[in-house]
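Q: For the sequence shown, the numbering used here begins at 490 and goes up steadily by one.
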Amino acid sequence: MFDAIAARYDRLNAVISFGQHASWRHRLVAALRPAWGQLDEVLDLATGTADVAIEIAKTYRARVVGVDPSEGMMVVGREKVARHGLSEQVCLIDGDAQDLPFDDQRFDACCIAFGIRNVPDRPKALAEMRRVTRPGGVVAVLELAQPTGNGLALLARAHIKFVMPILGGLLSSKEEYDYLRESIAAFPKPEAFCQLMREAGLVRVAAKPYSFGALQLFTSRVE
């Protein structure tokens, strides 16, 4: 599915998030700073078109390895990396978050943005993220979620249920954005996902909601 929408993916993100995707990405990248202050090498899972990887590289002057199963998305990502002059700093490779081809404790931090919903075995992916991150490093997950509560959360739920598929359908197939809506609805509630992170061996787990709960930033550390 992601190969099919790769050329339009960035435009779709901008439309369905009403332009908020960049600020959401900033929050994730800011959360990656480790206890010792400097990042040398970071792993970005579900890197897609490399927006997060590029921002990490620019913010921390770190090396970034981006992993994604969609070659179509990474073709777009590599072009963007080259345009930003970061080809020596950012490397994108094909891979599976559930079975990472890296040594233990290789990276200073590890993150995944808008990708954990699509991973069949989330506990295994979280355990892999912990395994490849050095002690003291941050493991962070940024994900769309089902808003809870009343008031503005009702509007956020209506946006996810009705507006996002309609807007997405203008630029892509309705089926692809029906999938988006359904996968958001099926995603665990914040405390349940925090528990999955703890069970994967992560500590200092926290969830912070944004956009009336339509977005959750999960952060943790490796002991």
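All C-beta atoms in this analysis are idealised placements derived from N, C-alpha and C, irrespective of residue type, glycine included.
Does the beta carbon of residue 616 come closer than 8 Å to any beta carbon on chain B?
A: Among the chains in the structure shown there is no chain B, since it carries only a single protein chain.
Q: Give me the Cα-Cα distance between residue 691 and residue 572, rounded to the nearest whole angstrom.
A: Within the sequence shown, numbered from 1, the residue matching residue 691 stands at position 202. Within the sequence shown, numbered from 1, the residue matching residue 572 stands at position 83. Computed Cα separation, rounded: 36 Å.
Q: Given a threshold of 16 other Cβ atoms within 10 Å of its Cβ, counted over all protein chains shown, does residue 495 qualify as buried or as exposed?
A: One-based indexing of the sequence shown puts residue 495 at position 6. Note on residue 495: pLDDT 48, under 50, position unreliable in the model; the coordinate value appears next. Residue 495 should be labelled buried.
Q: DSSP three-state label for residue 622, please.
A: Counting from 1 along the sequence shown, the entry for residue 622 is found at position 133. Correct three-state label for residue 622: strand.
Q: Alpha carbon to alpha carbon, how far is residue 522 from residue 626?
A: Walking along the sequence shown from the start, residue 522 turns up at place 33. Walking along the sequence shown from the start, residue 626 turns up at place 137. The alpha-carbon atoms of residue 522 and residue 626 are separated by roughly 8 Å.
Q: Which class does residue 677 belong to by DSSP, given the choice of helix, strand or coil?
A: On the sequence shown, residue 677 is found 188 positions in, with the first residue counted as 1. Reduced to three states, the DSSP call for residue 677 is coil.
Q: Here's the rule: buried if 16 or more other CB atoms are within 10 angstroms of the residue's CB, otherwise exposed. What is residue 593?
A: As a working mapping, residue 593 is identified with position 104 in the sequence shown. By the 10 Å Cβ count, residue 593 comes out exposed.
Q: In whole angstroms, give me the CA-to-CA distance for residue 603 and residue 630.
A: The count along the sequence shown starts at 1 and reaches residue 603 at position 114. The count along the sequence shown starts at 1 and reaches residue 630 at position 141. Those two C-alpha atoms are separated by around 8 Å.
Q: Just the C-alpha distance for residue 599 and residue 533, rounded to the nearest angstrom, thanks.
A: Locating residue 599 in the sequence shown gives position 110, counting from the first residue. Locating residue 533 in the sequence shown gives position 44, counting from the first residue. About 6 Å.
Q: Using only the alpha-carbon positions, how far apart do residue 576 and residue 556 sit?
A: For the purposes of this step, residue 576 is taken as residue 87 along the sequence shown, with counting starting at 1. For the purposes of this step, residue 556 is taken as residue 67 along the sequence shown, with counting starting at 1. Rounded to the nearest angstrom, the two C-alpha atoms are 15 Å apart.
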